[in-house]
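A.B. asks: The sequence shown begins at 100 in the working numbering and counts up one residue at a time.
To start, I am sharing the structure in question, which I have written as structure tokens.
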Amino acid sequence: MASKYQAPRGTFDVLPEQARGRARLERAAADVFGHAGYEPIATPVFEDTDLFERGVGQSTDIVRKEMFTFEDKGGRSLTLRPEGTASICRAYLEHGMQKLAQPVKLFYLGPFFRHERPQAGRYRQFHQLGIECIGTDSPLADAEVIMLLSELLAELGVPGVELRLGSLGSFEARRAYLEDLKAHLHAHEGELSKDVRERIDLNPLRAFDSDDEGTRAVMASAPTIVEQLEGEDAEHFAEVRALLDAAGVAYVVDPTLVRGLDYYTRTIFSFVCDRLGAQSEIGGGGRYDGLIEQLGGPPTPAVGFAAGIERILLALDEEVPAPGRDAFVAIADEAQRQRAMALAIELRHAGISAEVDLAGRGLKGQLKHANRIGARRVLILEADGSAQVRDMETGEQRPADLGNLVGEMKGGGE
Ligand code: HAM
Numbered sequence: 100m101a102s103k104y105q106a107p108r109g110t111f112d113v114l115p116e117q118a119r120g121r122a123r124l125e126r127a128a129a130d131v132f133g134h135a136g137y138e139p140i141a142t143p144v145f146e147d148t149d150l151f152e153r154g155v156g157q158s159t160d161i162v163r164k165e166m167f168t169f170e171d172k173g174g175r176s177l178t179l180r181p182e183g184t185a186s187i188c189r190a191y192l193e194h195g196m197q198k199l200a201q202p203v204k205l206f207y208l209g210p211f212f213r214h215e216r217p218q219a220g221r222y223r224q225f226h227q228l229g230i231e232c233i234g235t236d237s238p239l240a241d242a243e244v245i246m247l248l249s250e251l252l253a254e255l256g257v258p259g260v261e262l263r264l265g266s267l268g269s270f271e272a273r274r275a276y277l278e279d280l281k282a283h284l285h286a287h288e289g290e291l292s293k294d295v296r297e298r299i300d301l302n303p304l305r306a307f308d309s310d311d312e313g314t315r316a317v318m319a320s321a322p323t324i325v326e327q328l329e330g331e332d333a334e335h336f337a338e339v340r341a342l343l344d345a346a347g348v349a350y351v352v353d354p355t356l357v358r359g360l361d362y363y364t365r366t367i368f369s370f371v372c373d374r375l376g377a378q379s380e381i382g383g384g385g386r387y388d389g390l391i392e393q394l395g396g397p398p399t400p401a402v403g404f405a406a407g408i409e410r411i412l413l414a415l416d417e418e419v420p421a422p423g424r425d426a427f428v429a430i431a432d433e434a435q436r437q438r439a440m441a442l443a444i445e446l447r448h449a450g451i452s453a454e455v456d457l458a459g460r461g462l463k464g465q466l467k468h469a470n471r472i473g474a475r476r477v478l479i480l481e482a483d484g485s486a487q488v489r490d491m492e493t494g495e496q497r498p499a500d501l502g503n504l505v506g507e508m509k510g511g512g513e
């Protein structure tokens with residue numbers, strides 16, 4: 100009978116058949132990032148609400164509408180982390196990582212929480228993997244970070260991926276540009292959607308993301324920051340592009356690219372996949388040279404990305420088969436139970452997967468069960484202490500040499 104309880108809206112269970120694909124993805128990420136010297140880090144799933152309000156930005160949808168915020172028993176306001184970058188910058192400062200050799204290169208994965216309207220590829224609890232490269236403003240770091248996500252997606256075989264690249268310029272350039280953009284939006288106020296109109300002064304960049312027809316028409320003639328980049332900002336962006344070109348990483352420059360977090364400066368990027376529906380972004384990120392200072396630290400340039408684990412898995416759409424079992428240790432007589440357990444443990448120590456009956460089945464039932472779980476060989480312990488080994492593929496059965504238990508169950512026997 101189905102239980103009256105269901106997983107909360109926007110959440111899901113990861114069942115064993117799905118966990119296998121996830122584990123493969125997580126291993127591949129740890130390999131790709133680990134080989135480039137990124138070290139694992141984990142931070143708490145909740146933090147002071149203020150960290151995200153400051154870090155992610157008051158004007159973002161995340162802070163305005165999507166945070167799971169609660170008060171703890173001490174009256175402190177806490178929030179389930181909606182993203183990882185602010186937490187990692189907090190940890191960087193808290194543990195004095197600015198004293199280490201820079202840049203500090205970190206890799207993370209885990210659950211994140213946003214109170215969004217659930218749909219395919221969009222959940223309230225989802226999982227991200229990401230890297231942060233903190234302590235350098237070199238375009239080499241931007242290029243490396245982008246290349247690593249590109250490499251991971253290629254390694255996993257994610258089809259139909261496109262990389263979009265943009266630049267927001269430095270904080271000052273961005274501020275000047277935002278004034279131009281606001282002026283453009285104010286000049287066309289009547290043609291904009293209500294949502295965009297209300298946020299002209301708060302977050303004008305989001306107008307580029309609007310689905311509203313009137314707004315889109317206004318945005319088609321809006322100034323873009325990529326066209327206005329000057330001096331070091333222009334050089335930085337040109338260098339990132341040259342490095343990607345040299346590495347053979349394909350991309351399109353998208354002057355209208357914007358992201359849902361306030362902390363970006365200079366490079367921003369987005370990997371989209373044509374196999375996903377409306378939620379087509381697999382992962383993205385960029386440079387956030389002002390964030391650590393914003394959180395009370397010294398000026399510290401940094402760049403990173405996060406990718407949605409569920410979105411990568413949706414794009415891959417593949418089933419990873421259950422691993423076969425090597426051995427099952429069955430008993431023909433109750434008196435052999437303890438011995439069966441001891442032999443199974445011996446096999447496991449030798450790296451052979453081995454199971455025993457845990458449900459009190461008779462021999463026939465045990466053999467049926469061994470067959471069901473796909474055991475390749477069954478060791479049958481007889482009442483007199485002798486043993487038989489049965490090959491489950493051929494059905495062949497013969498006396499077993501317990502002095503060579505591992506060899507018998509591995510398949511060699513001799
Ligand atoms: P973000 O663009 O908000 O960036 O999220 C990164 C990725 O997480 C998205 O591209 C998407 O694949 C996935 N994602 C976001 N929201 C959901 C959701 N509700 N359900 C499923 N997947 C989702 C950040 O979070 C930044 N911290 C990235 C970053 C790191 N920038 C610099 N360093």
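All C-beta atoms, glycine included, are put in the ideal place defined by N, C-alpha and C.
Three-state secondary structure (DSSP) at H226?
C.D. replies: Three-state DSSP puts H226 in a strand.
A.B. asks: Nearer than 7 angstroms: is that true of the beta carbon of Q227 relative to any heavy atom of ligand 3?
C.D. replies: Absence of ligand 3 from the depicted structure is noted, with ligand 1 being the only ligands included.
A.B. asks: So the alpha helix (DSSP H) S249 belongs to, where does it begin and stop?
C.D. replies: Note, S249: alpha helix (DSSP H), 238-255.
A.B. asks: With respect to 7 angstroms, is the separation between the Cβ of L284 and the closest non-hydrogen atom of ligand 1 below this value?
C.D. replies: No, since every heavy atom of ligand 1 falls outside the 7 angstroms radius drawn around the Cβ of L284.
A.B. asks: Does the Cβ of L248 lie closer than 7 angstroms to at least one heavy atom of ligand 1?
C.D. replies: Because no heavy atom of ligand 1 lies under 7 angstroms away, the Cβ of L248 does not count as near it: no.
A.B. asks: Does the beta carbon of F111 fall short of 7 angstroms from some heavy atom of ligand 1?
C.D. replies: Not under cutoff, so the answer is no.
A.B. asks: Just to confirm my understanding: we take E409, look at its own chain, exclude 5 residues before and 5 after, and list those with CB closer than 7 angstroms. What are they?
C.D. replies: So the qualifying residues of the chain are G220, Y222, F225, H226.
A.B. asks: Who are V371's beta bridge partners in DSSP?
C.D. replies: Paired residue(s): E261, E380.
A.B. asks: Would you grab the beta carbon distance between E138 and L205 for me? Rounded to a whole angstrom, and I think it's under 8 angstroms.
C.D. replies: Their Cβ separation, rounded to whole angstroms, is 6 angstroms, which keeps E138 and L205 in contact under 8 angstroms.
A.B. asks: Under the rule that 16 or more other beta-carbon atoms within 10 Å means buried, what is E507, buried or exposed?
C.D. replies: E507 is buried by the Cβ-count criterion.
A.B. asks: Here's a check: name, in chain order, each residue in its chain whose Cβ is nearer than 7 angstroms to the Cβ of A101, leaving out the five neighbours to either side.
C.D. replies: Counting only Cβ-Cβ distances below 7 angstroms, and skipping sequence neighbours, we find nothing.
A.B. asks: What does the alpha-carbon distance come out to for the pair D456 and P420?
C.D. replies: Using only the alpha carbons, I get a separation of about 23 angstroms.
A.B. asks: Measuring from the CB of E329, is there a heavy atom of ligand 1 at a distance below 7 angstroms?
C.D. replies: Checking the Cβ of E329 against ligand 1 gives no.
A.B. asks: Can you tell me the Cα-Cα spacing of G511 and A499, whole angstroms?
C.D. replies: Interpretation of G511 is limited by its pLDDT of 47, a score under 50 that renders its predicted location unreliable; the figure taken from the coordinates is listed afterwards. Distance between the alpha carbons of G511 and A499: 12 angstroms.
A.B. asks: How about the segment 297-316 and the segment 352-368: do they share at least three Cβ pairs that are nearer than 8 angstroms?
C.D. replies: As far as the Cβ criterion goes, the segment 297-316 touches the segment 352-368, which means the pair count is three or higher.
A.B. asks: Under the rule that 16 or more other beta-carbon atoms within 10 Å means buried, what is L478, buried or exposed?
C.D. replies: Label assigned to L478: buried.
A.B. asks: I need the DSSP call for D490, collapsed to helix, strand or coil.
C.D. replies: Of the three classes helix, strand and coil, the one that applies to D490 here is strand, per DSSP.
A.B. asks: Which same chain residues, not among the five before or five after A346, have their C-beta less than 8 angstroms away from its C-beta?
C.D. replies: Counting only Cβ-Cβ distances below 8 angstroms, and skipping sequence neighbours, we find A242, M246.
A.B. asks: List the DSSP bridge partners of Y207.
C.D. replies: Partner(s): G229.
A.B. asks: Taking L291 and T314 to be in contact with their CB atoms under 8 angstroms, please state how far apart those CB atoms are, rounded to whole angstroms.
C.D. replies: Rounded, the Cβ-Cβ distance is 5 angstroms, consistent with contact.
A.B. asks: Quick check on this structure: which residue in F336, K198, R476, R386 has the alpha carbon closest to the alpha carbon of Q496?
C.D. replies: Measuring from the Cα of Q496, the nearest candidate turns out to be R476.
A.B. asks: Please state the DSSP three-state secondary structure of A118.
C.D. replies: Helix, per DSSP.
A.B. asks: Buried or exposed, going by whether 16 or more other CB atoms sit within 10 Å of the CB of V428?
C.D. replies: Flag for V428 reads buried.
A.B. asks: Look at the alpha carbon of A405 and the alpha carbon of E231, and state the distance between them as a whole number of angstroms.
C.D. replies: Each residue's alpha carbon lies about 9 angstroms from the other.
A.B. asks: Please classify G512: does DSSP put it in a helix, a strand, or coil?
C.D. replies: Low local confidence applies: a pLDDT of 41 at G512 is under 50, so the model's placement there is unreliable, with the coordinate-based value given in what follows. Of the three classes helix, strand and coil, the one that applies to G512 here is coil, per DSSP.
A.B. asks: Just grab the DSSP bridge partners of F427 for me.
C.D. replies: E454, V477, per the DSSP bridge assignment.
A.B. asks: For ligand 1, is there a heavy atom less than 7 angstroms away from the beta-carbon of L360?
C.D. replies: It does: the Cβ of L360 is within 7 angstroms (strictly closer) of some heavy atom of ligand 1.
A.B. asks: Is L177 helix, strand or coil when you go by DSSP?
C.D. replies: In this structure, L177 counts as strand in the three-state DSSP scheme.
A.B. asks: Is the beta carbon of R424 within less than 7 angstroms of some heavy atom of ligand 1?
C.D. replies: It does not: the Cβ of R424 is nowhere closer than 7 angstroms to a heavy atom of ligand 1.
A.B. asks: Alpha carbon to alpha carbon, how far is A200 from D361? Give it in angstroms, no decimals.
C.D. replies: Computed Cα separation, rounded: 28 angstroms.
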